[in-house]
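A.B. asks:
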Amino acid sequence: MSSRTASATRTSRNPPYVSVRVQPPEPISPTRLIKNKTITALGLAYLWYLLENLKSIMIIGGTGSGKTTLLNALLVLLPHKRIAVAEETPEIRLPRSFTNSVLLFTSPLYDYQKNLPGSESAIYLIDLVRYLLRARPDLVVIGESRGREIHELIQGILTGHGGATTFHAEDLVEALMRMTGEAMGVSAEHISAFSSIAVVRKFDWGRRVTSLTEVVWLRAYPYPALNRIKIKEEEFGLVEIGSYDRARDTFTIDLKRSFWLQRLGGVEEVTARAELLQALTDKGVLDAEAVAEAVRQYYRLKRKMP
Numbered sequence: 005m006s007s008r009t010a011s012a013t014r015t016s017r018n019p020p021y022v023s024v025r026v027q028p029p030e031p032i033s034p035t036r037l038i039k040n041k042t043i044t045a046l047g048l049a050y051l052w053y054l055l056e057n058l059k060s061i062m063i064i065g066g067t068g069s070g071k072t073t074l075l076n077a078l079l080v081l082l083p084h085k086r087i088a089v090a091e092e093t094p095e096i097r098l099p100r101s102f103t104n105s106v107l108l109f110t111s112p113l114y115d116y117q118k119n120l121p122g123s124e125s126a127i128y129l130i131d132l133v134r135y136l137l138r139a140r141p142d143l144v145v146i147g148e149s150r151g152r153e154i155h156e157l158i159q160g161i162l163t164g165h166g167g168a169t170t171f172h173a174e175d176l177v178e179a180l181m182r183m184t185g186e187a188m189g190v191s192a193e194h195i196s197a198f199s200s201i202a203v204v205r206k207f208d209w210g211r212r213v214t215s216l217t218e219v220v221w222l223r224a225y226p227y228p229a230l231n232r233i234k235i236k237e238e239e240f241g242l243v244e245i246g247s248y249d250r251a252r253d254t255f256t257i258d259l260k261r262s263f264w265l266q267r268l269g270g271v272e273e274v275t276a277r278a279e280l281l282q283a284l285t286d287k288g289v290l291d292a293e294a295v296a297e298a299v300r301q302y303y304r305l306k307r308k309m310p
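Residue numbering for the sequence shown is 5 to 310, as defined by this note's numbering.
The structure is reproduced here in structure tokens:
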């Protein structure tokens, strides 16, 4: 189990302090998120279906909003995939049965043995992503994208891998503008490499997914999107298929609006998976390993069907 620690001694005007974010020893299960009303079973099933079909998602939100928790829960639903994870701080936990997956984290930027900065021998996030793309993964995951490593992830997505990452931003438009800004330099046409973007926020009453939106590059895929945004002379359609009602604390999703589900023909399958997840939640199956095994059984039954 790893934790994220921040401390201040000599530089603090107040008494020295230590802040520790303790990570749970076991991965959080998707059914627990449903029980906590972070996301609905239908919303999870939709994202699960996209990842299984090697599409890519991005989860955005502020500090402590539950981005990594949602990402981790989604990965539990993919026990049959080879998942490759790159992180700066190891936070993502996969069930012990996921023996075919690869989890790597960056090396410190300081050589403690030589008491010198270790920039020459340091292993950066971008190095890990490049390596993982050679490890024959089905799905490449970056714990949090902050810089140029997102280019390597996008290249992996464009060559046929599924992809997933989190990104620090308060809303979808802010995320798109930051990614295509000078610091990160993502080209406008590469924004649509991410099939769906989930926004998650922290409220006083809990963490909630507030929207599920597909970003469609209209020059490549003409689509009657109601909301449009222009980025670097390229026009994109923002297809919001799910939204959160703060007053009622409910999340509504319309699968028929999904551009990708129409192309994949997956509306009925997503509905069936949502029923499975809701049934597991109602039965109190909240252990990640147990959920992963239920998913394996679901696939075995599907293979036996005519």
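Ideal Cβ positions, reconstructed from N, Cα and C, are used throughout, including at glycine.
Given the structure is predicted, the values throughout are model-derived calculations rather than measurements.
In the structure shown, what three-state DSSP assignment does Leu98 receive?
C.D. replies: Sequence index remark: in the sequence shown, residue 98 carries index 94 (1-based). Correct three-state label for Leu98: coil.
A.B. asks: Is Leu136 closer than 8 Å to Glu153 when the C-beta atoms are compared?
C.D. replies: One-based indexing of the sequence shown puts residue 153 at position 149. One-based indexing of the sequence shown puts residue 136 at position 132. Going by C-beta atoms, Glu153 is not nearer than 8 Å to Leu136.
A.B. asks: DSSP puts Val89 in a beta bridge; with which residues?
C.D. replies: Reading the sequence shown from its first residue, position 85 is the one you call residue 89. BP columns for Val89 point to Leu107, Val145.
A.B. asks: Would Thr285 and Ile38 be called neighbours here (beta carbons separated by less than 8 Å)?
C.D. replies: Within the sequence shown, the letter at position 281 stands for residue 285. Within the sequence shown, the letter at position 34 stands for residue 38. A contact, by the Cβ cut-off of 8 Å.
A.B. asks: So, at 8 Å on beta carbons, what are the nonlocal neighbours of Lys236 in its own chain, with the 5 sequence-adjacent residues on each side left out?
C.D. replies: As a first step, residue 236 is located in the sequence shown; it is residue number 232 there, counting from the start. Taken in chain order, the residues that qualify are Thr184, Ser191, Ala192.
A.B. asks: Can you name, in chain order, every residue of its own chain whose Cβ lies under 8 Å from the Cβ of Val133, other than the five neighbours on each side?
C.D. replies: If you number the sequence shown from 1, residue 133 lands on position 129. Only Ala90, Val144, Ile146, Glu153, Glu156, Leu157, Gly160 meet the Cβ criterion.
A.B. asks: Which residues does DSSP list as the beta-bridge partners of Thr264?
C.D. replies: The residue given as residue 264 occupies position 260 in the sequence shown. Inspection of the sequence shows that residue 264 is occupied by Trp rather than by Thr. Per DSSP, none; premise fails for Trp264.
A.B. asks: Helix, strand or coil: how does DSSP classify Arg182 here?
C.D. replies: Along the sequence shown, one-based indexing puts residue 182 at 178. Arg182 falls in the helix class under three-state DSSP.
A.B. asks: How is Leu242 classed by DSSP in three states: helix, strand or coil?
C.D. replies: Position 238 of the sequence shown, counted from the start, is the residue given in the question as residue 242. Three-state result, Leu242: strand.
A.B. asks: Which same chain residues, not among the five before or five after Glu293, have their C-beta less than 6 Å away from its C-beta?
C.D. replies: As a first step, residue 293 must be located in the sequence shown, where it is residue number 289. Within the same chain, Glu293 has close Cβ partners Pro99.
A.B. asks: In this structure, does DSSP put Trp209 in helix, strand or coil?
C.D. replies: Taking the first residue of the sequence shown as 1, we reach residue 209 at position 205. DSSP places Trp209 in coil when its eight states are reduced to three.
A.B. asks: What residue from Ser262, Thr72, Val295 has the CA that sits closest to Glu95's CA?
C.D. replies: In the sequence shown, residue 95 corresponds to position 91, counting from 1. For the residues Ser262, Thr72, Val295, the minimum Cα distance to Glu95 belongs to Thr72.
A.B. asks: Does the distance from the CB of Leu216 to the CB of Glu239 come in under 8 Å?
C.D. replies: Looking up residue 216 in the sequence shown gives position 212. Looking up residue 239 in the sequence shown gives position 235. It is not a contact, given that the beta carbons lie outside the stated cut-off.
A.B. asks: Rounded to whole angstroms, how far is the Cβ of Leu290 from the Cβ of Thr35, which I believe are closer than 8 Å?
C.D. replies: Looking up residue 290 in the sequence shown gives position 286. Looking up residue 35 in the sequence shown gives position 31. At roughly 5 Å, the Cβ-Cβ gap stays under 8 Å, so Leu290 and Thr35 are in contact.
A.B. asks: Within the same chain, show all residues whose beta-carbon is closer than 6 Å to that of Phe322, passing over the 5 residues directly before and after it, in chain order.
C.D. replies: Any question about residue 322 goes unanswered here, given that the chain covers just 5 to 310.
A.B. asks: With a threshold of 6 Å on Cβ separation, who are the neighbours of Gly164 within its own chain once the five nearest residues in sequence on each side are excluded?
C.D. replies: The residue labelled residue 164 in the question sits at position 160 within the sequence shown. Excluding sequence neighbours, Gly164 sits near nothing in its chain.
A.B. asks: Between which two residues does the alpha helix (DSSP H) holding Thr72 run?
C.D. replies: As a position in the sequence shown, residue 72 is number 68, starting the count at 1. Residues 71–79.
A.B. asks: Determine whether the beta carbon atoms of Val220 and Tyr227 lie at a separation below 8 Å.
C.D. replies: Translated into the one-based positions of the sequence shown, residue 220 becomes position 216. Translated into the one-based positions of the sequence shown, residue 227 becomes position 223. A contact, by the Cβ cut-off of 8 Å.
A.B. asks: Under three-state DSSP, which class holds Ile127?
C.D. replies: In the sequence shown, counting from the first residue as 1, residue 127 sits at position 123. It is coil, neither helix nor strand.
A.B. asks: Could you give the DSSP three-state label for Thr217: helix, strand or coil?
C.D. replies: As a working note, residue 217 is residue 213 in the sequence shown. Of the three classes helix, strand and coil, the one that applies to Thr217 here is strand, per DSSP.
A.B. asks: If you compare alpha carbons, which of Arg252, Gly269, Val177, Tyr53 is closest to Lys234?
C.D. replies: Locating residue 234 in the sequence shown gives position 230, counting from the first residue. Among Arg252, Gly269, Val177, Tyr53, the Cα nearest to that of Lys234 belongs to Val177.
A.B. asks: Determine the closest residue to Val243 out of Ala251, Arg252, Ala202, Arg261, with distance taken between C-alpha atoms.
C.D. replies: Residue 243 sits at position 239 when you count from the first residue of the sequence shown. Measuring from the Cα of Val243, the nearest candidate turns out to be Arg261.
A.B. asks: So, at 7 Å on beta carbons, what are the nonlocal neighbours of Leu81 in its own chain, with the 5 sequence-adjacent residues on each side left out?
C.D. replies: The count along the sequence shown starts at 1 and reaches residue 81 at position 77. If we look at Leu81 and ignore the five residues flanking it on each side, its Cβ neighbours are Pro34, Trp52, Val299.
A.B. asks: Straight-line CA distance for Ile195 to Leu55?
C.D. replies: Mapped onto the sequence shown, residue 195 falls at position 191. Mapped onto the sequence shown, residue 55 falls at position 51. Cα-Cα distance, rounded: 17 Å.
A.B. asks: Starting from the Cα of Gly47, find the closest Cα among Ala224, Gly241, Arg212, Gln301 and give me that residue.
C.D. replies: Counting from 1 along the sequence shown, the entry for residue 47 is found at position 43. The candidate whose alpha carbon is nearest that of Gly47 is Arg212.
A.B. asks: Is the Cβ-Cβ distance between Ser149 and Phe171 less than 8 Å?
C.D. replies: For this step, residue 149 is matched to residue 145 along the sequence shown. For this step, residue 171 is matched to residue 167 along the sequence shown. It is a contact, given that the beta carbons lie within the stated cut-off.
A.B. asks: Please state whether the Cβ-Cβ distance between Ser105 and Arg86 is less than 8 Å.
C.D. replies: In the sequence shown, counting from the first residue as 1, residue 105 sits at position 101. In the sequence shown, counting from the first residue as 1, residue 86 sits at position 82. It is a contact, given that the beta carbons lie within the stated cut-off.
A.B. asks: Which stretch, first to last residue, makes up the beta strand (DSSP E) that contains Ala49?
C.D. replies: Locating residue 49 in the sequence shown gives position 45, counting from the first residue. No beta strand (DSSP E) holds Ala49; the alpha helix (DSSP H) holding it covers 45–56.
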